[in-house]
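All residue numbers for the sequence shown refer to the working numbering, where the first residue is 37 and numbers rise by one.
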Amino acid sequence: MFAYMFKSALLAPLLGAVVCAHTAFTTLYVDGTNQGDGVCVRMNRNSSNTNFPIEPLSSKDIVCGYEGERGVARVCPAKEDSILTFEFREHADGSRPGSIDPSHKGPCAVYMKKVDDAAASNNAAGDGWFKIWESTYDDNAGKWCTEKMIDNNGHISVKIPQGIQGGYYLVRPELLALHAAQNNPPDPQFYVGCAQIFLQSSGTAQPPTVSIDEGTYNLSIPGMTYNIYATPLALPYPMYGPPVYTPTASPSATSSANAAVAATELPACSLPAAKRSNDNDSGLERRGEQVQKVGLEPAGCILQRDNWCAFEVPDYTTQDGCWQAS
């Protein structure tokens with residue numbers, strides 16, 4: 037008989053059930069492979085408001101969500117041109133289906149920020165962010181980005197821009213629900229989160245960046261008070277924030293190309309094999325590429341969720357042996 041121990045405490049509240057019809061970013065996919073619920077994702081550990089919008093609008097939590105400055109143990113590897121998929125759930129634990137209430141209509145965006153250590157805390161707020169994708173209202177389809185996300189089982193997919201520097205990054209998906217933006221007072225509702233990735237790339241591009249911090253968004257920005265109930269809609273929607281970064285080295289890798297990947301449903305595959313230091317790492321270093329050293333899956337991990345790992349322990353036949361094994 038096998039016995040197991042959990043090296044880290046089970047953070048059950050992290051993906052606990054919540055009652056309000058909002059949404060939370062819970063799961064990262066890399067090139068169609070599900071990294072595991074909560075793995076490499078900075079999430080609010082308070083199950084009572086895991087899926088709540090950021091309030092107030094000027095809050096410091098606008099950067100990576102509630103508790104978003106707290107780094108997590110795992111960092112997921114990705115390659116240049118990898119497709120990242122972000123899964124949003126109305127109920128973070130997946131106990132009931134749905135990604136967000138259909139009334140919560142609005143635009144979406146995805147940002148990246150290069151950091152020294154993606155697993156470190158207190159590195160999200162401030163300068164360094166660049167936008168890699170955005171989607172507002174599709175006049176041809178008659179749908180907002182959030183509606184397309186609902187159609188695709190809560191998935192938003194974007195391609196990492198070509199040619200950017202390798203290393204550690206935070207990746208920030210952002211939804212803005214405008215169902216109450218025309219109220220008095222206006223109530224635009226942001227849902228954001230951050231994933232931790234390591235990008236293997238020999239690129240050298242450094243996109244221009246902006247600061248996302250306390251007070252970045254306010255009601256003086258036209259997109260914050262947009263009326264989605266107006267007939268006809270005042271189009272185009274006045275998208276906020278910087279323009280989408282377009283790689284100059286590859287004319288084909290434009291923002292429109294990234295937009296074509298958006299909201300693509302990708303399969304939930306089995307968890308990827310752990311990337312650990314090996315002979316290939318030295319080859320990467322010789323080519324000048326940074327090698328991931330932080331946030332790797334620990335050796336011997338047989339089960340993971342929410343950035344903790346379970347490990348097999350030695351067999352035992354007595355009570356004393358049980359205590360010794362653990």
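Just so you know, even glycine gets a beta-carbon here, dropped at the ideal spot from N, CA and C.
| Check | Outcome |
| --- | --- |
| What span of residues does the beta strand (DSSP E) with Thr62 cover, start to end? | Ala60 to Val66 |
| Near Asn343, what residues of its chain come up, given a Cβ to Cβ distance below 7 Å and the 5 sequence neighbours on each side ignored? | Gly74, Val75, Val108, Ala109 and Arg110 |
| Which partner residues does Thr121 have in the DSSP bridge list? | Tyr65 and Ser193 |
| Please state if the CB of Val66 and the CB of Ser118 are separated by a distance shorter than 8 Å. | yes |
| With DSSP run on the structure shown, which of helix, strand or coil describes Pro268? | coil |
| Please work out which residues of its chain come closer than 6 Å, Cβ to Cβ, to Ala156, disregarding the five sequence neighbours upstream and downstream, and give them in chain order. | Gly107 |
| Since Cys100 is in the alpha helix (DSSP H), which residue starts that stretch and which ends it? | Note, Cys100: premise wrong, no alpha helix (DSSP H); not H, not E. |
| Could you say which of Ser94, Asn82, Pro113 and Leu64 lies nearest to Lys329 if we only look at CA atoms? | Pro113 |
| For Gly190 and Gly239, what's the separation of their Cα atoms in angstroms? | 31 Å |
| Leaving aside the five residues before and after Asn254 along the sequence, list all residues of the same chain whose C-beta is less than 8 Å from its C-beta, in chain order. | Leu93, Ser94 and Met260 |
| Apply the 10 Å Cβ neighbour rule to Ala231 and answer buried if 16 or more other Cβ atoms are within range, or exposed otherwise. | buried |
| Per DSSP, Gln236 is paired with what? | Lys115 |
| Assign Trp359 to buried or exposed, taking buried as 16 or more other Cβ atoms, counted over all protein chains shown, within 10 Å of its Cβ. | exposed |
| Just to confirm my understanding: we take Pro222, look at its own chain, exclude 5 residues before and 5 after, and list those with CB closer than 6 Å. What are they? | Leu255 and Thr261 |
| Between Cys146 and Gly229, what straight-line distance do the alpha-carbon atoms span, to the nearest angstrom? | Note on identity: in this sequence residue 146 is Val, with Cys being the wrong assignment. One C-alpha to the other measures close to 10 Å. |
| Ordered along the chain, which non-local residues of its own chain (more than five positions away) have a Cβ less than 7 Å from that of Tyr273? | Pro143, Thr172, Tyr173, Gly259 and Tyr262 |
| In whole angstroms, what separates the C-alpha of Gly164 from that of Trp180? | 28 Å |
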